[in-house]
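Residue numbering for the sequence shown is -13 to 207, as defined by the numbering used here. Below: the structure, in structure tokens.
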Amino acid sequence: MPMKSKKKKENQLIKIENFIDFNQTIKPEEETFQKLMFIYAMAIKQLKTKLEILKDEFEIFYNYDLIDHLNTRIKEPKSILTKMKKRGIPLTYQEMIENINDIAGIRIVCPLKKDIFSIKDLIQNMIDVNILKEKDYITYPKKSGYSSYHLIVEVPVNLSKQNIYVKVEIQIRTIAMDFWSTLEHKVKYKPEEKIGKQESKEWVNCAKMINKLDNKMMLLN
Ligand code: 0O2
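The structure is reproduced here in structure tokens:
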């Protein structure tokens, strides 16, 4: 008897923008918002697993600590709305998904500066991870002194009825850069109240010192 042929797998990937009609105003207390955040959380889960595999592979196969640790976060509703208002973007789900690239965020912290570029190359080679945008604040630090390699990627989230591509922001930085930016984020970057010129200069000087330290550590290792 001839074997029944398997139904061809329909692996249609759609953009999250086309998932539901999102032309409504954002209301964080609504189910739509919570469902959306669930999808972003699943995108993080997916990508985090891939990166953990990479971390363990380097430790076990090459006896090398390529990744020190990973942090993940979903952007707070208040932060999303503040960013949209600052940019003058209409407060709809559609606009949020299209314009706010860091709703889902993963930070990769590595020991050495050269590891940043190795990790970036490895991510670029990952199946199922599409790079949408890159920002090299390592070669070209921001005026504030901020250094990190940013990638906006999209990863598939496989739901029962749809496979959706979801955007995630990846920040890759060294332990030393992470030390600086975590403190600066609290003291200078985020607070509404601006700090003085002299203090601001000191933060830039500290970033320069961190950069020197990172270069020295690379030579020692
Ligand atoms: P939060 O609260 O950390 O999330 P894009 O849409 O990606 O093109 P965006 O998001 O403005 O534009 O990109 P950019 O400038 O690359 O910054 C993205 C994130 O990098 C910021 O997110 C910060 O997390 C971090 N960042 C950028 N500049 C600095 C800085 O000077 N100091 C510190 N500590 N972090 C910085 P958010 O949404 O602004 O804030």
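For every residue, glycine included, the Cβ atom is placed at its ideal position computed from N, Cα and C.
For residue i, three-class secondary structure by DSSP
i    : result
N49  : coil
Y126 : coil
V115 : coil
I75  : coil
N85  : helix
Y26  : helix
K153 : strand
K147 : coil
E38  : helix
I12  : coil
Cβ shell of residue i (< 6 Å), same chain only, five flanking positions each side left out
i    : result
F281 : There is no way to answer for residue 281, as the model of the chain reaches only from -13 to 207.
E170 : W189
A29  : A90, V141, V143, V152 and V154
N87  : I138, K153 and E155
Residue i versus residue j: straight-line alpha-carbon distance, rounded
i     : j    : result
M82   : Y151 : 15 Å
K61   : M203 : 33 Å
E45   : I39  : 10 Å
M112  : G182 : 44 Å
Y126  : Y135 : 10 Å
F103  : K1   : 28 Å
D51   : P14  : 39 Å
E178  : K72  : 13 Å
L199  : K128 : 18 Å
E(-4) : L145 : Here E(-4) scores only 49 on pLDDT, less than 50, and its place in the model should not be relied on; the value that follows carries that caveat. Straight-line Cα distance between these residues: approximately 13 Å.
K(-8) : N149 : Because K(-8) sits at a pLDDT of 49, beneath the cut-off of 50, its placement in the model cannot be relied upon, and the point is left open.
T68   : F19  : 16 Å
E16   : C96  : 38 Å
D107  : A193 : 25 Å
K41   : L22  : 29 Å
E43   : L98  : 18 Å
Y31   : T58  : It should be noted that the sequence gives Lys, not Tyr, for residue 31. Rounded to whole angstroms, K31 to T58 spans 9 Å at the Cα level.
Same chain only: Cβ atoms within 8 Å of residue i, ignoring 5 sequence neighbours per side
i     : result
I286  : There is no way to answer for residue 286, as the model of the chain reaches only from -13 to 207.
L(-1) : P142, N149, I150 and Y151
Cβ neighbour criterion (16 or more within 10 Å) applied to residue i
i     : result
N197  : buried
M195  : exposed
L205  : exposed
K172  : exposed
D114  : exposed
D101  : buried
Y79   : buried
K(-6) : Note that K(-6) scores a pLDDT of 47, beneath 50, so its modelled location is shaky and nothing firm can be said.
Option in the options with minimal Cα separation from residue i
i    : options                   : result
V139 : I92, Y126 and K172        : I92
D122 : V115, D114 and Y132       : Y132
V190 : E178, W166, L205 and E179 : W166
E185 : S130, N116, K69 and K72   : S130
V154 : E120, A193 and L77        : E120
N201 : H171, A162 and Y175       : A162
K176 : S65, P76 and L(-1)        : S65
Y26  : T11, I89, P63 and I75     : I89
M9   : K147, L145, L77 and L98   : Position check: residue 9 holds Asn in this sequence, whereas Met was assumed. Ranking K147, L145, L77 and L98 by Cα distance to N9 puts L77 first.
N85  : K99, P97 and M70          : M70
T11  : I75, K41 and K180         : I75
Contact set for residue i: own chain, Cβ-Cβ below 7 Å, skip 5 residues either direction
i    : result
N116 : V139 and E140
Q110 : I117
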